[in-house]
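In the numbering used here, the protein residues as written are 213 to 765.
Backbone N, C-alpha and C define an ideal beta-carbon position, used for all residues, glycine too.
Worksheet: the structure to be examined is printed underneath.
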Ligand code: GLC
Ligand code: CA
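Here it is as structure tokens:
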């Protein structure tokens, strides 16, 4: 059993990928029409953010039917066609498993609401109130109380994300069996596995205690719901029941998860998950409450960035854990805007970051549009679509007393809408995304930033293709040991990746200024460079955002 560590995974957020029928919404047939591009890029697995039926209060992460395709995206026949055509392109599909919660429109929840004695009541987490208020002081991930009142029974139900996403009760044996059956349904069709949404919060504490009861107001429950001991029992059972028999690909998303937990989830002998994402890089410069916590002013240094990567790389290799590396996704700003320079050095920094992601130990994830160096789009308030952005905007003003103009800037920098503007395919109308009116504004920079332009020699997509090919040709980039080089350098991140057959050295200038790196005295041949091939030198000068991979002798 070799597993899927060597895969290159590409994430699609279907609503914004490609629209085939002119209704302004990306769809499955749109994805089918771009399989050549994905094959060309060298992708092995396509992770589809949720394509199931959903009322879209959280754009698909609120599922109302796990067995149905969202009509905006097409039909089950379209899905089956996508599955077989992807396979013909050498690409497997990965589904998003959103099993911490369902939509309040799901038939289970509707039955639970209608009849207290229905078996589905216990599929969710209903509790009596306390002193005429919610059962405890928990705040949801998106702000506001994590409890909603069921007026009919007077009880409250738990919603740790939007008020329309009802947390499932994993203690219930029938619920777990239903989830496993549903997973088998998709696996039997031929999907390769799952990305597991907030999988580290499926276990809840039995007594639902207040968080920091001495404090006033709502408190985010954090460690009270993340990575509890019992999550591991659930995952071991899932592994036995579903994952192992199908030899599934699995990657877990764990809110606020730490290195020790990730190691536990992903150590092969523990028989839980293949890999997990980490959040420390995404949260650089954020306060302890997460990405909209502006109290550290989003200030971070290259040294912070390097330390974060280094700590994860070393922890995983020392203790047998495995991470899925990413620099952006549908929940984060665009990587070039967040970690690079989206103006003067857009193209260079997109390549530099791509090279980093594709040469670290772990399994690389590329988010749609990254391969063309897409940037944040400064959307006006009336253009925001995301619940998180809209809700947080008012909380920043009412609870944190931020002036409107500053609150707006915080949201504009960090909103998930940044990652969700339509993919820019070419310089034609609406960037070639739709013949109709796009559901969310197309970034006005599409005349310059688009796949057609970036596929030419020297473009970002042209470079990504080479970096992906390099990774596939050198096993050492997946499995080899990682060791930092010139770690004190404040501009350049450098490291070696080594195994019995070869040693590669990667050096990347992460700043908009020229920089020098101190590398080992050795002979080196350049395998790939963002600015073309480079001569190896122990004292290497790099242009702004220049990066290169050398094979050492
Ligand atoms: C995960 C998803 C995010 C979603 C949330 C609730 O963090 O990535 O998009 O809003 O879970 O399902
Ligand atoms: Ca469409």
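Check	Outcome
Does the Cβ of residue 642 lie closer than 6 Å to at least one heavy atom of ligand 2?	no
So does residue 674 have its beta carbon nearer than 6 Å to some heavy atom of ligand 2?	no
Any heavy atom of ligand 2 closer than 6 Å to the beta-carbon of residue 239?	yes
Measure from the alpha carbon of residue 716 to the alpha carbon of each residue in 216, 663, 697 and 728, then state which is nearest.	697
Counting Cβ pairs, one atom from each stretch, are 3 or more of them under 8 Å apart for the region 729-748 and the region 572-592?	no
Among the residues of its own chain, which have a CB less than 6 Å from the CB of residue 188, if the five just before and after it don't count?	Residue 188 is absent from the structure shown; the chain starts at 213 and stops at 765.
Could you have a look at residue 748 and say whether DSSP puts it in helix, strand or coil?	coil
If you run the structure through DSSP and keep just helix, strand and coil, what is residue 764?	strand
Please report the residue range of the alpha helix (DSSP H) in which residue 564 lies.	558-569
Measuring alpha carbon to alpha carbon, tell me which residue in 482, 631 and 483 is nearest residue 596.	631
Please go through the same chain and pick out, in chain order, the residues whose beta-carbon is closer than 7 Å to the beta-carbon of residue 501, but skip the five residues on each side of it.	432
Determine the direct distance from the alpha carbon of residue 458 to that of residue 213, and round the result to whole angstroms.	Note on residue 213: pLDDT 41, under 50, position unreliable in the model; the coordinate value appears next. Distance between the alpha carbons of residue 213 and residue 458: 11 Å.
Taking 6 Å as the cut-off, is the CB of residue 393 close to at least one heavy atom of ligand 2?	no
Residue 313 lies in the beta strand (DSSP E); which residues open and close that run?	313-315
What first and last residue would you give for the alpha helix (DSSP H) that runs through residue 548?	547-551
Ignore the nearest five residues each way along the sequence and tell me which others in residue 440's own chain have a CB closer than 6 Å to its CB.	415
Could you give the distance in angstroms between the alpha-carbon of residue 371 and the alpha-carbon of residue 675?	43 Å
According to DSSP, which residues form a beta bridge with residue 350?	431
Under the criterion of a Cβ to heavy atom distance below 6 Å, does residue 233 qualify as lining ligand 2?	yes
Among residues of its own chain, excluding the 5 on either side of residue 262, which ones have a beta-carbon nearer than 7 Å to its beta-carbon?	272, 273, 275, 308 and 310
I'd like to know whether the C-beta atoms of residue 552 and residue 539 end up nearer to each other than 7 Å.	no
Distance check for residue 334 and residue 256, CA to CA, integer angstroms please.	39 Å
Report yes if the C-beta of residue 273 is less than 6 Å from at least one heavy atom of ligand 1; otherwise report no.	yes
Rounded to whole angstroms, how far is the Cβ of residue 671 from the Cβ of residue 556, which I believe are closer than 8 Å?	Contact doesn't hold; Cβ gap of about 17 Å is too wide.
I want to check one thing, is the minimum distance from the CB of residue 270 to the heavy atoms of ligand 1 below 6 Å?	yes
Am I right that residue 491 and residue 536 are in contact with their C-beta atoms under 8 Å? What's the rounded C-beta distance?	12 Å between Cβ atoms; not a contact.
Among 464, 614, 598 and 533, which residue has its Cα nearest to the Cα of residue 628?	598
Relative to the C-alpha of residue 222, which candidate in 454, 571, 369 and 303 has its C-alpha closest?	303
Mapping the DSSP letters down to three states, classify residue 389 as helix, strand or coil.	helix
Sorry if obvious, but does the Cβ on residue 543 come closer than 6 Å to a heavy atom of ligand 1?	yes
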